[in-house]
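Let me begin by presenting the structure, written as structure tokens, before commenting on it.
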Amino acid sequence: MKKTLLAFAVLALAWPLVSTGQEKKEPETAIFLESNYYPLKEGAAWHYQVTQAKGETQKVTVQVEKREIMRFKKKKEKDKEESAAVVCFKLRVTSGDKTLTEHVGILEDGVYRFTSAGKEITPPLRFMKLGLEKGETWECESVSESAVLKGVFSSDMETVRVPAGQFSTMVVTAKDFQIGQQKMSLTYWFANKVGIVKQRTTVGDLDILLELEKYEPAK
Numbered sequence: 018m019k020k021t022l023l024a025f026a027v028l029a030l031a032w033p034l035v036s037t038g039q040e041k042k043e044p045e046t047a048i049f050l051e052s053n054y055y056p057l058k059e060g061a062a063w064h065y066q067v068t069q070a071k072g073e074t075q076k077v078t079v080q081v082e083k084r085e086i087m088r089f090k091k092k093k094e095k096d097k098e099e100s101a102a103v104v105c106f107k108l109r110v111t112s113g114d115k116t117l118t119e120h121v122g123i124l125e126d127g128v129y130r131f132t133s134a135g136k137e138i139t140p141p142l143r144f145m146k147l148g149l150e151k152g153e154t155w156e157c158e159s160v161s162e163s164a165v166l167k168g169v170f171s172s173d174m175e176t177v178r179v180p181a182g183q184f185s186t187m188v189v190t191a192k193d194f195q196i197g198q199q200k201m202s203l204t205y206w207f208a209n210k211v212g213i214v215k216q217r218t219t220v221g222d223l224d225i226l227l228e229l230e231k232y233e234p235a236k
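Position 210, counted from 1, in the sequence shown is what the numbering used here calls 227; the numbers after and before it change by one each time, with no gaps.
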């Protein structure tokens, strides 16, 4: 189970997206954007079937627990930095008796991971661009504790079938994503108004496949 949770701690990560283009305000005039490809609302939950090497299977549940305002530094003109606030959502990932949490927020230019497995990511890591179209690429580089997180993401489109049904998806791939000295391949399939329906993480001989069994929208 620890290896399964690692797949989410890496970037699960996360997941995502086309912006609605509507900005909302929280206390402190925090940035609050929404995405149809990553419907972040308190109470929403995704239930996955996980298949590992040798056909071993287990279950993983990802639930949006609550929203929290987080502050971060962003570049201003002439490389000067200024502080800003953003509405993030705390996600709880559970597999058996193992649990980890992470924070995801949406800024004007993309979807960002602010923490993973309880560890801060600096600067927040953009793992999805808003208004994403097929054939786009973008780079990312951040640090979590002493580990550098970096890679190049690319996008495509594909229709996939998982236990929850058939979906037209936006596919996001990072073939050589690096965490410290460890390299891995990450692929995520995002469906409109549902979120992540499939994810594959490959690290050396370890291959982890997650497929959506059930999505529970927020009430």
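Glycine included, every Cβ here is placed at the ideal spot set by N, Cα and C.
For glycine 168, count neighbouring C-beta atoms within 10 Å of its own C-beta (all shown protein chains included) and say buried if the count is 16 or more, exposed if not. buried
Which residues bound the beta strand (DSSP E) around leucine 142? 136-145
Can you tell which of Ala70, Glu51 and Glu125 has the C-alpha that lies nearest to the C-alpha of leucine 223? Ala70
According to DSSP, simplified to helix, strand and coil, what is lysine 76? strand
Three-state secondary structure assigned by DSSP to valine 220: strand
Among Met187, Met201, Leu227 and Gln199, whose alpha-carbon lies nearest the alpha-carbon of tyrosine 54? Met187
Taking 8 Å as the cut-off, decide whether the C-beta atoms of histidine 120 and lysine 136 are in contact. no
Where does the unbroken beta strand (DSSP E) through alanine 181 begin, and where does it stop? First-last for alanine 181: undefined, no H or E at that position.
Provide the residue span of the beta strand (DSSP E) that contains threonine 204, from first to last. 199-208
Tell me the DSSP bridge mates of valine 188? Asp173 and Trp206
Touch check for the segment 70-83 and the segment 141-160: three-plus C-beta pairs under 8 Å? no
When the distance is taken between beta carbons, is leucine 166 closer than 8 Å to tyrosine 65? no
For serine 171, the nearest candidate out of Ala164, Ala181, Ser185 and Val189 (CA to CA): Val189
Quick check on glycine 212: buried or exposed, where buried means 16 or more other Cβ atoms within 10 Å of its Cβ? buried
If distances are taken between C-alpha atoms only, which option among Gly221, Thr219, Val214 and Val220 comes closest to glutamate 230? Val214
Can you look up lysine 167 in the DSSP assignment and give me helix, strand or coil? strand
DSSP puts phenylalanine 194 in a beta bridge; with which residues? Met201
Leaving out five residues before and five after glutamate 59 in sequence, what residues of the same chain have Cβ atoms less than 8 Å from its Cβ? Val81, Glu82, Lys83, Arg84, Phe106 and Ala235
Give the straight-line distance between the Cα atoms of glycine 148 and tryptophan 206, rounded to the nearest whole angstrom. 16 Å
Checking 8 Å against the spacing of the C-beta atoms, do glycine 127 and methionine 145 come in under that value? yes
Where leucine 226 falls: helix, strand or coil (DSSP): strand
Measure from the alpha carbon of alanine 61 to the alpha carbon of each residue in Gln216, Arg217, Val220 and Lys210, then state which is nearest. Lys210
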